[in-house]
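Per our numbering, the sequence shown starts with residue 233, numbered consecutively. By construction, the Cβ of each residue, glycine as well, lies at the ideal position given by its N, Cα and C atoms.
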Amino acid sequence: MNEAGDSPVTALRRGGGLAAWRQIADALAGEIRSGALARGAQLPAESALATRFGVNRHTVRRALGVLAEDGLVRTTQGKGSFVEQGPIPYPIGPRTRFSEIVTRTGREAWGDLIAAATVPADAGWAEALGIAPGAPILELHTVHRADGAPISTARTCLPLPRFSGFDAAYAASGSITRAYAGYGVADYTRLSTRIGARPADAEEAARLDIAPGRSLIVLSSVNVDGDGQRIQATRSLFAADRVELVVE
Numbered sequence: 233m234n235e236a237g238d239s240p241v242t243a244l245r246r247g248g249g250l251a252a253w254r255q256i257a258d259a260l261a262g263e264i265r266s267g268a269l270a271r272g273a274q275l276p277a278e279s280a281l282a283t284r285f286g287v288n289r290h291t292v293r294r295a296l297g298v299l300a301e302d303g304l305v306r307t308t309q310g311k312g313s314f315v316e317q318g319p320i321p322y323p324i325g326p327r328t329r330f331s332e333i334v335t336r337t338g339r340e341a342w343g344d345l346i347a348a349a350t351v352p353a354d355a356g357w358a359e360a361l362g363i364a365p366g367a368p369i370l371e372l373h374t375v376h377r378a379d380g381a382p383i384s385t386a387r388t389c390l391p392l393p394r395f396s397g398f399d400a401a402y403a404a405s406g407s408i409t410r411a412y413a414g415y416g417v418a419d420y421t422r423l424s425t426r427i428g429a430r431p432a433d434a435e436e437a438a439r440l441d442i443a444p445g446r447s448l449i450v451l452s453s454v455n456v457d458g459d460g461q462r463i464q465a466t467r468s469l470f471a472a473d474r475v476e477l478v479v480e
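Here you go:
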């Protein structure tokens, strides 16, 4: 057994032309696909894997990097590596609520506020919110998680002064919907959604615990309140292999 006590020592083939890191990646991928390593499970520490395979930690790290690029694991700084849980069905309809969607899958939903600022609306955000270019808006940068795993990162803009202080309400509640309740918005609906795709840059990849260049689904959306007033414009970036979009 290795030092973690959960896997036997695995002998690698030497001199066969297949690099050690590739053999390790293939072995772990096989265990993930067979269910021996369950979805959401934490992998043994790099030191334990190095002991198991009789290699140094650099070789293990390279193997884990390949598995991350293939969408089989995610590595979180300071926490370790985890088997990806599989895509969440994500309906896009009149009422699209991240917290409700994630909770229905049996996972815990939460949103982290990364940054917030009051900025003048550029032409694109002004058009989306139905306001004049240059008007002040509150810009939020967030990361949304399911059982701690980052699913999406977003840039959300709201008109001011109506939503002054919304950043504090969001940070405390971890939910756009719950934060709206403090502003008298009991319900809101989706006015429009545009769907695109592109590779993740380094900053986006770091927020989502994925390798740079991995595919992102880009959702640009506008929400309105019960009176039809535009209250939110958002550009969300989803790790493509963590959601399955369902257009309703």
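Item to check | Option in E480, A270 and G460 with minimal Cα separation from V417 | outcome: The shortest Cα separation from V417 among E480, A270 and G460 belongs to G460.
Checklist entry - From the DSSP output, which residues share a beta bridge with E476? => result In the DSSP output, where bridge partners are listed per residue, E476 has P321.
Checklist entry - How many angstroms separate the CA atom of V450 from the CA atom of A429? => result In this structure, the alpha-carbon of V450 lies about 5 Å from that of A429.
Next on the checklist: With H, G and I counted as helix, E and B as strand and the rest as coil, what does DSSP make of Q309?
Outcome noted: Q309 carries a coil assignment under DSSP once its states are collapsed to helix, strand and coil.
Checklist entry - In terms of DSSP beta bridges, what is S384 paired with? => result DSSP, once it has assigned bridges, lists H376 and F470 as partnering S384.
Item to check | Distance between S331 and T409 (C-alpha atoms, nearest Å) | outcome: For T409 and S331, the distance between alpha carbons rounds to 8 Å.
Checklist entry - Taking the beta strand (DSSP E) that Y402 falls in, what are its first and last residues? => result Note, Y402: premise wrong, no beta strand (DSSP E); alpha helix (DSSP H) at F398 to S405.
Next on the checklist: Please return the same chain residues whose Cβ sits closer than 7 Å to the Cβ of P226, not counting the five positions on each side in sequence.
Outcome noted: Look at the range of the chain in this structure, 233 to 480, and you will see that residue 226 is not part of it.
Item to check | Span of the alpha helix (DSSP H) around R439 | outcome: Unbroken alpha helix (DSSP H) run through R439: A434 to L440.
Checklist entry - Should M233 be labelled buried (16 or more other beta-carbon atoms within 10 Å of its own) or exposed? => result With a pLDDT of only 38 at M233, under 50, the local geometry of the prediction cannot be trusted, and the value read off the model is given with reservation. Around the C-beta of M233, fewer than 16 other C-beta atoms lie within 10 Å, and the residue is accordingly described as exposed.
Checklist entry - Does DSSP put Q255 in a helix, a strand or coil? => result Here Q255 sits in helix by DSSP.
Next on the checklist: If the criterion is Cβ atoms closer than 8 Å, does the pair V241 and A270 meet it?
Outcome noted: Their beta carbons are not under 8 Å apart, which means V241 does not touch A270 by this criterion.
Checklist entry - Can you tell which of N288, W253, I463 and R246 has its C-alpha closest to the C-alpha of Y415? => result Ranking the options by Cα distance to Y415, first place goes to I463.
Checklist entry - Do the CB positions of V454 and A360 come within less than 8 Å of each other? => result Yes. Within cutoff.
Checklist entry - Could you give the C-beta distance for A437 and R446, rounded to a whole number, given that I count them as a contact under 8 Å? => result Right, the Cβ-Cβ distance comes to about 7 Å (below 8 Å), so this counts as a contact.
Next on the checklist: Suppose you measure from the CA of R467 to the CA of D344; what does that come to, to the nearest Å?
Outcome noted: In this structure, the CA atom of R467 is about 16 Å from the CA atom of D344.
Checklist entry - Which whole-angstrom value describes the C-beta separation of D457 and Y402, a residue pair presumed to lie in contact below a C-beta threshold of 8 Å? => result No, D457 and Y402 are not in contact; Cβ-Cβ is about 17 Å, not under 8 Å.
Checklist entry - Which residues bound the alpha helix (DSSP H) around T350? => result No alpha helix (DSSP H) holds T350; the beta strand (DSSP E) holding it covers A341 to P352.
Checklist entry - Cβ of A259 less than 8 Å from any chain C Cβ? => result Of the chains in the structure shown, none is chain C; there is only one protein chain.
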